[in-house]
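First up is the structure itself, then whatever we jot down about it.
There are 2 protein chains.
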Amino acid sequence: MSDLPESVIFHEHGPREGFQIENRQFPLARRVALIEAIAAAGVSRIQAASFVNPKVVPNMADSAELFAAITKRPGIRYTALALNPWGFEQALAAPQVDHLGSVVLYASNGFCLSNNNCTKQEARARLAQWTELYDKHNVPLEQVYVLCAFGCNFEGEVPVADVMAEVDHTVELFRQQGRALPRIDLDDSMGWASPDSIRRRIGAVREAYPELEVGLHLHDNRGLGSACVLAALEMGVRHFDSSIGGLGGCPFSIVKDRAAAGNICTEDMVHLCHELGIETDIDLDALIEAALLAEDIVGRPLMGRVMHSGSLAEYRGTGG
Amino acid sequence: MSDLPESVIFHEHGPREGFQIENRQFPLARRVALIEAIAAAGVSRIQAASFVNPKVVPNMADSAELFAAITKRPGIRYTALALNPWGFEQALAAPQVDHLGSVVLYASNGFCLSNNNCTKQEARARLAQWTELYDKHNVPLEQVYVLCAFGCNFEGEVPVADVMAEVDHTVELFRQQGRALPRIDLDDSMGWASPDSIRRRIGAVREAYPELEVGLHLHDNRGLGSACVLAALEMGVRHFDSSIGGLGGCPFSIVKDRAAAGNICTEDMVHLCHELGIETDIDLDALIEAALLAEDIVGRPLMGRVMHSGSLAEYRGTGG
Numbered sequence: 000m001s002d003l004p005e006s007v008i009f010h011e012h013g014p015r016e017g018f019q020i021e022n023r024q025f026p027l028a029r030r031v032a033l034i035e036a037i038a039a040a041g042v043s044r045i046q047a048a049s050f051v052n053p054k055v056v057p058n059m060a061d062s063a064e065l066f067a068a069i070t071k072r073p074g075i076r077y078t079a080l081a082l083n084p085w086g087f088e089q090a091l092a093a094p095q096v097d098h099l100g101s102v103v104l105y106a107s108n109g110f111c112l113s114n115n116n117c118t119k120q121e122a123r124a125r126l127a128q129w130t131e132l133y134d135k136h137n138v139p140l141e142q143v144y145v146l147c148a149f150g151c152n153f154e155g156e157v158p159v160a161d162v163m164a165e166v167d168h169t170v171e172l173f174r175q176q177g178r179a180l181p182r183i184d185l186d187d188s189m190g191w192a193s194p195d196s197i198r199r200r201i202g203a204v205r206e207a208y209p210e211l212e213v214g215l216h217l218h219d220n221r222g223l224g225s226a227c228v229l230a231a232l233e234m235g236v237r238h239f240d241s242s243i244g245g246l247g248g249c250p251f252s253i254v255k256d257r258a259a260a261g262n263i264c265t266e267d268m269v270h271l272c273h274e275l276g277i278e279t280d281i282d283l284d285a286l287i288e289a290a291l292l293a294e295d296i297v298g299r300p301l302m303g304r305v306m307h308s309g310s311l312a313e314y315r316g317t318g319g
Numbered sequence: 000m001s002d003l004p005e006s007v008i009f010h011e012h013g014p015r016e017g018f019q020i021e022n023r024q025f026p027l028a029r030r031v032a033l034i035e036a037i038a039a040a041g042v043s044r045i046q047a048a049s050f051v052n053p054k055v056v057p058n059m060a061d062s063a064e065l066f067a068a069i070t071k072r073p074g075i076r077y078t079a080l081a082l083n084p085w086g087f088e089q090a091l092a093a094p095q096v097d098h099l100g101s102v103v104l105y106a107s108n109g110f111c112l113s114n115n116n117c118t119k120q121e122a123r124a125r126l127a128q129w130t131e132l133y134d135k136h137n138v139p140l141e142q143v144y145v146l147c148a149f150g151c152n153f154e155g156e157v158p159v160a161d162v163m164a165e166v167d168h169t170v171e172l173f174r175q176q177g178r179a180l181p182r183i184d185l186d187d188s189m190g191w192a193s194p195d196s197i198r199r200r201i202g203a204v205r206e207a208y209p210e211l212e213v214g215l216h217l218h219d220n221r222g223l224g225s226a227c228v229l230a231a232l233e234m235g236v237r238h239f240d241s242s243i244g245g246l247g248g249c250p251f252s253i254v255k256d257r258a259a260a261g262n263i264c265t266e267d268m269v270h271l272c273h274e275l276g277i278e279t280d281i282d283l284d285a286l287i288e289a290a291l292l293a294e295d296i297v298g299r300p301l302m303g304r305v306m307h308s309g310s311l312a313e314y315r316g317t318g319g
């Protein structure tokens, strides 16, 4: 019935995506404390900040300083987001950034135009330029994100074929260049995913490229987060981006007056994995403490659930 | 891989469980408006109020009045909760109550003592008295809830055998009395359920009594709500209690200072069903409007997701 992985790796996006969407600046020391608390709980990949235009995203203007201030733990990668060569080179020049090379492609042209100011064909052309830039700096390009892989508020349904076109292009380019295939991360930028649409897309990628690793970047806009992760786990997916407390969202996907929801909630999904017997190497109670710290920093209730109800560990020792 | 039902029936609990937990009184006219909005969206079973001790639960003291004020729609059952014979007879005497006979048993003794002030053996003895009372009033007894069927904050893990003991007792009693078997509703009173624990319990009931219908009453304390519903749907479960906007929670399950979460969110689960191709006869957009009304009545953000992001219907028409 299922092909559950033995272990799952979460790439924590809250400190970057979560704070980036907020319309204000949070003190650097508190963001560093949150990153360190998440790392202390055992999350092995943490996107700490982004190197983007400070005029557009002023609250990420201090990213180099932030990276410098982190007391790093061994075995943990502290990653940064960069959307263009300028940002990439800023990240390279900054101290303590662990490069987890990732480039974005788009299954939806409308979102590409809105998010990246280019057509999805232009984004493909940029992928070739990115590979040159990565090579020049001797940084491995490990991931390619396919954005809007499930649906798009600008374009409606995104067919599986449009997702596969980006996957095909990536595999072809990487093979032409004789380079190791990257992981493909299907990105549900606007919260369209369902268990069925996840199965169809993961299935299509698996059928075409059994050797390709697939990850998911999901936003829980419509309450299906844990159902989507369950469906993916049962197909053996073991890489998920997530956000502590469910922090965040993508400012470019707001249509009308509705706020985009944050990523799937890290600690809730860790709880799901543990209940299914899947290892994460994460201490859930410590991660809940970090989520409560995130809530304290943003100063409003977060959408995470287990952070407010507590883990089951304390009750399981008490009898029954 | 799955045994998805063709259709699912939601029993909306928000107007009773959601408002009952709040420490204040909401205007009767607004509660009636919410019930009517939920009915207008096509939800076919709505628990409108409870007949319980007004000294203990003052905000349900006007239940008879509330039922009288509802403009009913054909085909919809407007149900009430009663926990003892006094409440049952109050409900019988009230106008417009559609009796959906249900009695509770307990898989956990600790919760039974806390919630019902008796041992779980005494609760079983009361089941026999309840059947007599139902017969006396010629009301069919359609459901037996097994509370704490997944775990208990007082007792820890609740073994499947303890759940089955209550199911066995129910089936034996009903068979002895030559009465049609009730539906068994497994109640996750404190949010312990996971996809695995759901599969184990539904599987155990199915194996012992293939003819028995099983439903679920889930609370989403730990973010696994939609994953649990997905697991249950894939086992063919088609009866779920739920709560609009995720309103509510059970005041008796609060341990330490943590609030119990509400039921699984009706409109999020309707969205899940529709995305899986399962019929609900519910208009999701109309239900979202009702959820926004519920949010307006309680005056704080509710935990529902699709109510804030909107359904996908409007985007699906726009191209792609």
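Going line by line, the protein sequences match chains Z and H.
If you're matching positions, the first sequence starts at 0 in numbering that gives the first Met the number 0 and goes up one per residue.
If you're matching positions, the second sequence starts at 0 in numbering that gives the first Met the number 0 and goes up one per residue.
The C-beta atom is built at its ideal place from N, Cα and C for all residues, glycine as well.
Remember, it's a predicted structure, so these values are computed and weren't measured experimentally.
Item                                                                                                                                 : Value
Per-residue burial, D2 (chain H) [other beta carbons within 10 Å of its own, 16 or more giving buried]                               : exposed
Whether D184 (chain Z) touches A106 (chain Z) by CB criterion (8 Å)                                                                  : no
L112 (chain Z), enclosing beta strand (DSSP E) - first and last residue                                                              : Counting along the chain, L112 (chain Z) falls outside any beta strand (DSSP E), though it belongs to the alpha helix (DSSP H) covering 108 to 115.
Beta-carbon proximity list for V56 (chain H), same chain, < 8 Å, skipping 5 on both sides                                            : Q19, S49
Residue of H:P73, H:S241, H:T169 minimising C-alpha distance to M302 (chain H)                                                       : H:S241
Separation of W191 (chain Z) from W85 (chain Z), as counted between CA atoms                                                         : 32 Å
Sub-8 Å separation of Q95 (chain Z) and I69 (chain Z) beta-carbons                                                                   : yes
Classification of T279 (chain Z) by the beta-carbon crowding that lies within 10 angstroms, buried from 16 upward                    : buried
Unbroken beta strand (DSSP E) run spanning I45 (chain H), endpoints                                                                  : 44 to 50
Any C-beta of chain Z under 8 Å from that of V228 (chain H)                                                                          : yes
Closer than 8 Å at the beta carbon, the chain Z residues around E274 (chain H)                                                       : S193, P194, D195, S196, L223
Three-way DSSP call (helix, strand, coil) for Q176 (chain H) in this model                                                           : coil
Same chain, Cβ closer than 7 Å to C111 (chain H), five either side skipped, listed in chain order                                    : Y105, C117, T118, K119, A122
Closer than 8 Å at the beta carbon, the chain H residues around R199 (chain Z)                                                       : Ordered by position in chain H, no residue passes the 8 Å Cβ test against R199 (chain Z), which lies about 12 Å from the chain.
Positions along the stretch 264 to 295 of chain Z whose CB lies within less than 7 Å of some CB in chain H                           : C264, D267, H270, L271, E274, L275
Interface flag, S308 (chain Z) vs chain H, CB-CB below 8 Å                                                                           : yes
Cβ separation of F149 (chain H) and S196 (chain H), assumed to be a contact under 8 Å, to the nearest whole Å                        : 5 Å
With 16 other Cβ atoms within 10 Å as the buried cut-off, status of Q176 (chain Z)                                                   : exposed
Chain-order list of residues whose beta-carbon lies under 6 Å from that of E210 (chain H) (same chain, five-residue window excluded) : none
Among Z:R178, Z:N108, Z:L180, Z:L126, the one whose alpha carbon lies nearest that of C147 (chain Z)                                 : Z:N108
Within-8 Å CB hit, Y133 (chain H) to chain Z                                                                                         : no
Proximity test, Cβ basis, 8 Å: N220 (chain H) and chain Z                                                                            : yes
Local conformation of F25 (chain H) per DSSP, three classes                                                                          : coil
For R182 (chain H), the residue or residues it bridges with in DSSP                                                                  : H:Q142
Beta carbon proximity, Y144 (chain H) to chain Z, threshold 8 Å                                                                      : no
Rounded C-alpha distance that separates D284 (chain H) from R221 (chain Z)                                                           : 13 Å
Segment contact, 8 Å Cβ cut-off, at least three pairs: the stretch 291 to 306 of chain Z with the stretch 21 to 37 of chain H        : no
Cα-Cα separation between A293 (chain H) and G17 (chain H), rounded to whole angstroms                                                : 10 Å
Chain-ordered neighbours of A203 (chain H) on chain Z, where CB pairs are closer than 9 Å                                            : Those within 9 Å of A203 (chain H) in chain Z number zero; the least Cβ separation is about 17 Å.
Residues, ordered as in the chain, of the stretch 228 to 242 of chain Z that lie near chain H by beta-carbon distance below 8 Å      : V228, L229, A230
Beta-carbon gap between H98 (chain H) and V138 (chain H) smaller than 8 Å                                                            : yes
Buried or exposed (CB count within 10 angstroms, at least 16 for buried), R30 (chain Z)                                              : buried
Straight-line Cα distance separating A93 (chain Z) from D186 (chain H)                                                               : 53 Å
I34 (chain H) versus P14 (chain H): straight-line alpha-carbon distance, rounded                                                     : 7 Å
CB of A81 (chain H) within 8 Å of CB of A90 (chain H), strictly                                                                      : yes
Within the stretch 234 to 302 of chain Z, ranges of the alpha helix (DSSP H) (whole runs, at least 4 residues)                       : 265 to 274, 283 to 297
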